[in-house]
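Below: the structure, in structure tokens.
Number of protein chains: 2
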Amino acid sequence: MNYPVGIKQNGKKITYYGNRGMSLEEDINMTNSYYREQNIAVIYKKPTPITITKVDFPSRKEAVIKEAYFKTPSTTDYNGIYRGKYIDFEAKETKLIQFPLKNIHPHQLTHMKQIIEHGGIGFFIIRFSKFNETYLLEGDKLFEFIHTETRKSIPKSYIEEKGYLIHEKLNPRIDYLKQVDSIYFKGELYEKNAKK
Amino acid sequence: MNYPVGIKQNGKKITYYGNRGMSLEEDINMTNSYYREQNIAVIYKKPTPITITKVDFPSRKEAVIKEAYFKTPSTTDYNGIYRGKYIDFEAKETKLIQFPLKNIHPHQLTHMKQIIEHGGIGFFIIRFSKFNETYLLEGDKLFEFIHTETRKSIPKSYIEEKGYLIHEKLNPRIDYLKQVDSIYFKGELYEKNAKK
Chain A
36 MNYPVGIKQN GKKITYYGNR GMSLEEDINM TNSYYREQNI AVIYKKPTPI
86 TITKVDFPSR KEAVIKEAYF KTPSTTDYNG IYRGKYIDFE AKETKLIQFP
136 LKNIHPHQLT HMKQIIEHGG IGFFIIRFSK FNETYLLEGD KLFEFIHTET
186 RKSIPKSYIE EKGYLIHEKL NPRIDYLKQV DSIYFKGELY EKNAKK
Chain B
36 MNYPVGIKQN GKKITYYGNR GMSLEEDINM TNSYYREQNI AVIYKKPTPI
86 TITKVDFPSR KEAVIKEAYF KTPSTTDYNG IYRGKYIDFE AKETKLIQFP
136 LKNIHPHQLT HMKQIIEHGG IGFFIIRFSK FNETYLLEGD KLFEFIHTET
186 RKSIPKSYIE EKGYLIHEKL NPRIDYLKQV DSIYFKGELY EKNAKK
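Protein sequence lines, in the order shown, are assigned to chains A and B. Add 35 to a position in the first sequence, counting from 1, and you land on the number used in this note's numbering. Add 35 to a position in the second sequence, counting from 1, and you land on the number used in this note's numbering.
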């Protein structure tokens, strides 16, 4: 969800610490557009899964959905192809100083595990909005935490240590493929694939 | 869309020639479930893209979408990972004896081109419901037709010649990965990757 700066949500004032006031989802969508335009990668956010229960047809050409419900997602939100490899990730932001595991659905964890088993690149992008810091955390590192710890939240220090800080800039806003290069492609640069 | 056998749509009777009365989408979804359960591949249909314009919150936990519109898809409907490779396809069925190219959105063609350029496996699954025949046609073969022909529909004979007939059975209903094996993996069998 993205709320404009200053707007109240459920009567509670939302304070933005980030200087741009953009949600993580918007930042990633803009980054993915940049990657597609530059012919670097083809990665999209999947549409929100819903169950449609009522549709009206006010005209022959137009259909209006009059009743629908949000569904629990069975997969992660983002996937695509980069350097010939299947890539898959989930992005979450938190206002807390640790990352609550309940922010990720069990289905999404199962999905991520399967992707990694099948040879895909799978990770999480986690933003601590209070600190304006965004990290890439490999799927395996998150599973390691779940298997060794009983805590319901990942401390920020764990993510700082095991993850990779993503440098935020103007365009692309969060250049996460730089981190993907250094983790999964041993630091080879993607620029050689790009058009320009 | 899937209509039960015998139901009238826009006052026109729909006749089903297929003996199971299942839509191509249902067949593919069931096939993909089978592939996931057998740990053969992780392939999903993307949710239908919509624009939500009105949401009600009748209770704290529940949100009901009260107004939304269908969006033109920017990508194909299905993607995932198989044998470590990114896989992407669009599925369409026609009641005609040829395949109208207008059934595929220009965005989807552009997307498919990009996927193939980036080293992914991209194809179309086309069902001729009148004949109860389903074919896999490689993305490149469809582009070849578009570039060399001026016709707005692909004749069935072209798809018979350049594509691959998918054998329909009980489970998986349309085992399209068999064709993917023979085209993209030179006939190696996928069974060796499966659990059982």
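Cβ atoms here follow ideal geometry from the backbone N, Cα and C, with glycine treated the same way.
What span of residues does the alpha helix (DSSP H) with residue i cover, start to end?
i, result
"S192/A", "K191 to K197"
"F180/A", "G174 to T183"
Short check: CB of residue i to CB of residue j, under 9 Å?
i, j, result
"L172/B", "I161/B", "yes"
"I85/A", "N67/A", "no"
"E128/B", "Q143/B", "no"
"K197/B", "F178/B", "no"
"K81/A", "P108/A", "yes"
"P207/B", "Y121/B", "no"
"N138/A", "E152/B", "no"
"I201/A", "Y170/A", "yes"
"G174/B", "F158/B", "yes"
"E102/B", "I87/B", "yes"
"V99/A", "F105/A", "no"
"G154/A", "R95/B", "no"
"I116/B", "D123/A", "yes"
"L205/A", "A76/A", "no"
"L23/B", "I209/B", "Because residue 23/B is not part of the residues shown, which for chain B are 36 to 231, the question remains open."
For the beta strand (DSSP E) containing residue i, list its first residue and its last residue.
i, result
"N206/A", "Looking at the DSSP string, N206/A is not in any beta strand (DSSP E), and its letter there is neither H nor E."
"K221/B", "Run containing K221/B: none; DSSP gives neither H nor E here."
"T145/A", "Run containing T145/A: none in the beta strand (DSSP E); it sits in the alpha helix (DSSP H), P141 to E152."
"T86/B", "I85 to D91"
"D123/A", "K120 to T129"
"I161/B", "I156 to F163"
"E102/B", "V99 to F105"
"Q133/B", "Q133 to P135"
Can you list the residues of chain A that residue i reaches, using a CB-CB cut of under 9 Å?
i, result
"S109/B", "Y79"
"P82/B", "K81, P82, T83, P84, I85, K106 and P108"
"G119/B", "K120, Y121, H153, G154 and G155"
With which residues is residue i paired in a DSSP beta bridge?
i, result
"S68/B", "Looking at the DSSP assignment, S68/B forms no beta bridge with any residue, so it has no partner."
"E168/A", "F163/A"
"N114/A", "Y79/A and D123/A"
"S188/B", "P135/B"
For residue i, return the contacting residues in chain A, with the cut-off set at a CB-CB distance below 8 Å.
i, result
"E102/B", "V99, I100 and K101"
"F178/B", "Near F178/B there are no residues of chain A at all, since even the closest Cβ is about 16 Å away, more than 8 Å."
What residues of chain A sit near residue i, judged by a beta carbon separation below 7 Å?
i, result
"N114/B", "N114"
What does residue i reach in chain B if we use C-beta pairs closer than 8 Å?
i, result
"Q149/A", "R71, N74 and V77"
Given 8 Å as the limit, tell me if residue i has its C-beta closer than that to any heavy atom belonging to the ligand GDP.
i, result
"K221/B", "This structure simply doesn't include the ligand GDP, nor any ligand for that matter."
With a threshold of 8 Å, are at least 3 pairs of Cβ atoms found where one atom belongs to the segment 110 to 121 of chain A and the other to the segment 62 to 79 of chain A? Contact between the segment 110 to 121 of chain A and the segment 62 to 79 of chain A is present, because at least three Cβ pairs lie under 8 Å.
Tell me, please, whether the segment 120 to 137 of chain A touches the segment 181 to 193 of chain A by the rule of three or more beta-carbon pairs shorter than 8 Å. yes
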